[in-house]
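Notes follow the structure.
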Amino acid sequence: MNKPWAMMLAGGILGMGVLTTGSAADQKPEDVVKYRQSVYTVIGWNFKPIGAMVKGEIPFDAAAVARHAQYVEMMSKATFEGFPKGTGPDVVKNTEAKPEIWTKPAEFKNKMDSFQQEAAKLAEVAKGSDEKAIKAQFGKTAETCKACHDEFRKD
Ligand code: HEC
Numbered sequence: 003m004n005k006p007w008a009m010m011l012a013g014g015i016l017g018m019g020v021l022t023t024g025s026a027a028d029q030k031p032e033d034v035v036k037y038r039q040s041v042y043t044v045i046g047w048n049f050k051p052i053g054a055m056v057k058g059e060i061p062f063d064a065a066a067v068a069r070h071a072q073y074v075e076m077m078s079k080a081t082f083e084g085f086p087k088g089t090g091p092d093v094v095k096n097t098e099a100k101p102e103i104w105t106k107p108a109e110f111k112n113k114m115d116s117f118q119q120e121a122a123k124l125a126e127v128a129k130g131s132d133e134k135a136i137k138a139q140f141g142k143t144a145e146t147c148k149a150c151h152d153e154f155r156k157d
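All residue numbers for the sequence shown refer to the numbering used here, where the first residue is 3 and numbers rise by one.
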């Protein structure tokens, strides 16, 4: 039996397994960072106009608020997989993620959970046209962004 060939075959099958089960952990660290920054860019892009409406900087548009809030909620669920081990500032230069994300994972997860909860509530109230409720829930959601950035993101 041709051993090296068998090993290559086994390696190939293993490799395929990795490809087909493909999780964020199998990606290049740089690509993972790009992924999470892109998700946060989408979050910021959609969160900002809600803030501008809530503050009265631009006219309130209930349909737009509902749409933006839905994107924020959806993306809030897509950020967690963007932080696998080995994608911190010790490995990737172009990241604002602090090492504490990986040394205090429970706290980080906690911040992530509150963000997801408040974003889901925001999407819920945004379906109605109660401006006051939307305003209050926008504030609560914004606090969860700040809470995480203060502790886990470089300025
Ligand atoms: C659980 C933690 C956490 C929460 C909650 C959070 N962020 Fe962030 N955010 C981060 C981290 C960490 C980075 C840095 C990512 C990197 O550079 O690798 C970041 C980066 C960003 C960026 C910059 C993206 C880029 O282009 O580099 C924006 C914009 C942003 N967040 C907006 C928000 C907004 C708006 C909210 C709330 C609606 C929010 N974030 C909630 C942790 C969080």
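In this text, a Cβ means the ideal position worked out from N, Cα and C, and glycines have one as well.
In the DSSP assignment, R38 forms no beta bridge with any residue. Under the 8 Å Cβ criterion, the segment 84 to 93 does not count as touching the segment 137 to 153, having fewer than three qualifying pairs. Taking the CA atoms as reference points, V41 sits about 14 Å from A71.
Taking the CA atoms as reference points, E98 sits about 5 Å from K156.
The beta carbon of V44 is closer than 8 Å to those of Y73, M77 in its chain, skipping five residues each way along the sequence. Here A99 carries a strand assignment [DSSP, helix/strand/coil]. Around the beta carbon of G90, 16 or more other beta carbons lie within 10 angstroms, which makes this residue buried. G58 and Y37 have their C-alpha atoms some 32 Å from each other.
Look at G141: its beta carbon is at least 7 Å from all of the heavy atoms in the ligand HEC. K79 has its alpha-carbon roughly 14 Å from the corresponding atom of Q39.
When the beta-carbon positions are compared, M114 and F62 stay at least 8 Å from each other. Comparing alpha carbon positions, the residue from D92, P101, K95 closest to F154 is P101.
Ranked by Cα distance from A149, the options V67, A54, Q118 are led by Q118.
Less than 8 Å separates the beta-carbon of K129 from that of A68.
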